[in-house]
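The numbering of the sequence shown is UniProt numbering, which starts it at 1 and goes up by one.
C-beta: ideal position from N, C-alpha, C; glycine also.
The structure appears below as structure tokens.
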Amino acid sequence: MQRILPSVAPNAKERSDLYAVCLANIDDAETWLPDWFTLSYDPCSHPKFEDVKRDNVAEWLSWAFFALPLEQVLQDDISTEELNYMIDKFEQEFHIQFDTGYNEDIVAYRINLDPVHAYHRPLAFYTLIMFLTALFGFVCQFVWGMKKFGPETRPTIWNLMDSQSYESTSVHSDGNSPEKVSYWFRDGDRSKKPIVFIHGIGAGLMCYISFVYKLLTLDAPIFCIELPFVSMHCVEDVPTMQETIRDLQNMLHRHDFKDAVFVAHSLGTAVTSWVVKYMPQSVSGVIFLDPICFMLHYKDVCSNFVYRSPKTAAQGLVKYFASTELYISYYISRHFHWFQTALYVAPTVTHHNHTYTSSVKMPQNTKVFLSEKDNIIDSARVDIYLSHHGVDATVMKGLDHASFLFHPSWQNEMLASISQFVCQKA
1 MQRILPSVAP NAKERSDLYA VCLANIDDAE TWLPDWFTLS YDPCSHPKFE
51 DVKRDNVAEW LSWAFFALPL EQVLQDDIST EELNYMIDKF EQEFHIQFDT
101 GYNEDIVAYR INLDPVHAYH RPLAFYTLIM FLTALFGFVC QFVWGMKKFG
151 PETRPTIWNL MDSQSYESTS VHSDGNSPEK VSYWFRDGDR SKKPIVFIHG
201 IGAGLMCYIS FVYKLLTLDA PIFCIELPFV SMHCVEDVPT MQETIRDLQN
251 MLHRHDFKDA VFVAHSLGTA VTSWVVKYMP QSVSGVIFLD PICFMLHYKD
301 VCSNFVYRSP KTAAQGLVKY FASTELYISY YISRHFHWFQ TALYVAPTVT
351 HHNHTYTSSV KMPQNTKVFL SEKDNIIDSA RVDIYLSHHG VDATVMKGLD
401 HASFLFHPSW QNEMLASISQ FVCQKA
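Written out as structure tokens, the structure is:
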């Protein structure tokens with residue numbers, strides 16, 4: 001099982017600004033808030049707005065902005081005062097008044113506090129994934145001429161078979177902290193910006209074999225980042241946001257690059273949101289594919305990936321092959337923190353007097369591709385938000401989440417944008 005990491009929560013200043021930008025980006029409070037709750041006797045249904053009491057709101061806010069159960073927040077007077085202020089602010093902002101008390105018939109989504117939802121997979125399942133991953137590695141190394149860097153992530157099964165615990169031997173040039181992020185690299189035309197590709201949840205990079213091949217045809221230096229903890233691999237080590245940022249910076253420096261074009265899909269856009277926020281000097285361009293990092297204060301990603309009962313074949317595939325796989329589910333439930341990943345865009349034209357420190361100025365070279373029928377995010381809502389903030393977004397008609405992998409024409413359009421970005425001079 002993945003190792004437990006120290007708890008993560010925004011500080012008071014971060015919390016205040018994040019809460020303000022969330023409130024500023026809620027279209028209809030009376031539909032937004034109930035969507036974060038279900039009925040205890042009917043988990044597939046949401047309560048009416050008037051059924052959400054003040055203490056229910058406090059319980060949800062305690063998770064969302066303090067990363068704690070309500071009981072622990074109430075043990076601290078300053079936190080309690082801050083929590084009450086947040087509820088009062090919500091009431092003032094939307095001209096509503098919550099009824100006092102707690103409605104025991106409704107349950108809040110609190111993904112990091114709720115039990116982990118996972119189904120059993122046979123050993124043969126993980127053995128097959130290991131074999132296919134090794135086969136993909138063979139293609140990367142001997143067919144495409146790529147080289148592997150970073151720690152060698154070994155499955156838990158091998159660690160259990162060793163008499164001594166396994167420790168990564170890869171360390172940074174400073175000789176102190178071990179590397180946590182592994183990647184494949186192939187050099188190319190150094191007059192072009194390098195590409196950093198970050199995959200999404202599933203079975204890892206091998207799911208993107210045709211797309212990676214097309215990226216290689218651009219003849220730009222390319223990095224393909226591995227996220228084994230969301231790739232159905234039995235790995236124990238999960239890097240923190242800070243460790244991931246550190247390793248990506250060192251990766252570029254190791255190969256003598258100062259910046260790169262980041263291309264990311266699905267959960268990979270979460271990692272890319274960290275890059276855009278905390279190492280913007282290393283980003284010459286960014287391509288978001290089916291991004292999950294926008295409008296995260298809405299319930300869509302949380303509800304659709306973790307709590308939803310599937311009603312379609314696509315939803316069933318997400319449920320079985322992604323959200324309920326043990327290691328993926330554990331990562332999402334214990335290591336994914338929405339407030340770290342949420343990416344709020346600073347508008348190119350200010351529509352109001354207030355600016356938020358949590359809003360980020362996007363790189364000039366930014367392109368977003370959204371799937372019209374995405375079953376994880378509300379692509380229409382995200383498209384409206386991005387358009388309002390001056391971000392170039394394209395909606396791929398008729399496509400579901402990750403469906404572009406089966407549509408070469410859309411891959412070619414993505415490649416055209418990537419090629420434009422990598423060929424631009426600094």
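Separation of SER409 from GLY390, as counted between CA atoms: Here the C-alpha atom of GLY390 lies approximately 25 angstroms from the C-alpha atom of SER409.
Local Cβ density within 10 Å of ILE78, reported as buried at 16 or more and exposed below that: Its Cβ having fewer than 16 others within 10 Å, ILE78 is exposed.
Span separating the alpha-carbon of LEU160 from that of VAL235: Confidence at LEU160 is low in this model, with a pLDDT of 43, below 50, so the placement of that residue is unreliable and no value is reported for it.
C-beta contact flag for HIS401 and SER371 at 7 angstroms: It is a contact, given that the beta carbons lie within the stated cut-off.
Local conformation of ARG110 per DSSP, three classes: Reduced to three states, the DSSP call for ARG110 is coil.
VAL301 and ILE292 closer than 7 angstroms at C-beta: Less than 7 angstroms separates the beta-carbon of VAL301 from that of ILE292.
Closest residue to ALA380 among TYR331, HIS255, ASN365 and MET396 (Cα-Cα distance): Nearest neighbour of ALA380 by Cα position, chosen from TYR331, HIS255, ASN365 and MET396, turns out to be MET396.
Close-in-space but distant-in-sequence residues of the same chain around PRO228 (CB under 8 angstroms, 5 per side omitted): Within the same chain, and ignoring the five residues on either side of PRO228 in sequence, the residues whose Cβ sits closer than 8 angstroms to its Cβ are THR153, SER182, GLY204 and VAL235.
Cβ neighbour criterion (16 or more within 10 Å) applied to GLY145: That one is exposed.
Residue of VAL318, HIS233, TYR19 and GLN340 minimising C-alpha distance to THR269: The shortest Cα separation from THR269 among VAL318, HIS233, TYR19 and GLN340 belongs to GLN340.
Between the CA atoms of ALA393 and VAL8 - distance to the nearest angstrom: Straight-line measurement puts the Cα of ALA393 at about 32 angstroms from the Cα of VAL8.
heavy atom of the ligand GDP below 6 angstroms from TRP410 C-beta: Within the structure as shown, the ligand GDP is missing, as the structure has no ligands at all.
MET295 vs TYR385 beta-carbon contact at 7 angstroms: Taking 7 angstroms as the Cβ cut-off, MET295 and TYR385 qualify as a contacting pair.
Reduced DSSP secondary structure (H/G/I, E/B, other) of PRO408: PRO408: helix per DSSP, three-state reduction.
As assigned by DSSP and simplified to three states, the class of CYS207: The three-state reading of DSSP puts CYS207 in helix, counting H, G and I together.
Whole runs of the beta strand (DSSP E) within the segment 214-301, excluding any shorter than 3 residues: Restricted to the segment 214-301, the beta strand (DSSP E) segments that are unbroken, complete and at least 3 residues in length are 222-225, 260-265 and 283-289, listed in chain order.
Sufficient close CB pairs (3 or more, under 8 angstroms) joining the segment 184-199 to the segment 89-96: No, the segment 184-199 does not touch the segment 89-96.
Residues near PHE305 in its chain [Cβ-Cβ closer than 8 angstroms; skip 5 each side]: Excluding positions up to five away in sequence, the list reads VAL318, ALA322, SER323, ILE332 and ILE376.
Where GLN411 falls, given that 16 or more other Cβ within 10 Å makes a residue buried: Buried is the label assigned to GLN411, since at least 16 other Cβ atoms lie within 10 Å of its Cβ.
Buried or exposed by the 16-neighbour rule on C-beta atoms within 10 Å, applied to PHE142: For PHE142, the number of other beta carbons within 10 angstroms of its own is below 16, and it is reported as exposed.
Range of the contiguous alpha helix (DSSP H) that encloses LYS89: It spans 77-94 - the alpha helix (DSSP H) in which LYS89 sits, taken as one unbroken run.
For HIS255, the nearest candidate out of CYS207, LYS147, ILE87 and PHE125 (CA to CA): Nearest C-alpha to HIS255: LYS147.
Range covered by the alpha helix (DSSP H) that runs through ARG381: 379-388 is the span of the alpha helix (DSSP H), which, as asked, contains ARG381.
CA-to-CA distance, TYR19 to MET86, given in whole angstroms: If you take the alpha carbons of MET86 and TYR19, they lie about 8 angstroms apart.
Residue range of the alpha helix (DSSP H) that includes THR100: Counting along the chain, THR100 falls outside any alpha helix (DSSP H), and DSSP gives it neither H nor E.
Alpha-carbon spacing of ILE418 relative to GLN92, whole angstroms: Straight-line measurement puts the Cα of GLN92 at about 45 angstroms from the Cα of ILE418.
Selected residue, minimal CA-CA separation from THR127, among SER284, MET232 and THR100: Checked all of SER284, MET232 and THR100; the closest Cα to THR127 is MET232.
Whole-angstrom distance between TYR320 and GLY150, CA atom to CA atom: Distance between the alpha carbons of GLY150 and TYR320 is about 30 angstroms.
Collapsed DSSP secondary structure at MET130 in the structure displayed: Correct three-state label for MET130: helix.
Residue from PHE185, TYR356 and GLU59 whose Cα sits closest to the Cα of ALA220: Its Cα nearest to that of ALA220, the residue PHE185 stands out among PHE185, TYR356 and GLU59.
Minimum C-alpha distance to TRP32 - residue among PHE90, GLY202, PHE211 and ARG121: TRP32 has its Cα closest to that of PHE90, out of PHE90, GLY202, PHE211 and ARG121.
ALA12 burial status per 10 Å Cβ neighbour count (16 or more: buried): Burial check for ALA12: the Cβ neighbour count within 10 Å stays below 16, so the residue is exposed.
First through last residue of the beta strand (DSSP E) which encompasses PHE37: In this chain, the beta strand (DSSP E) harbouring PHE37 covers 37-39.
Beta-carbon spacing of ALA58, LEU70 below 7 angstroms: Yes, they are a contact pair.
Coil, strand or helix - THR31 by DSSP: The answer is helix: DSSP assigns THR31 an H, G or I state.
Alpha-carbon to alpha-carbon, ALA416 and CYS423: Looking at the backbone, the Cα of CYS423 and that of ALA416 are separated by about 11 angstroms.
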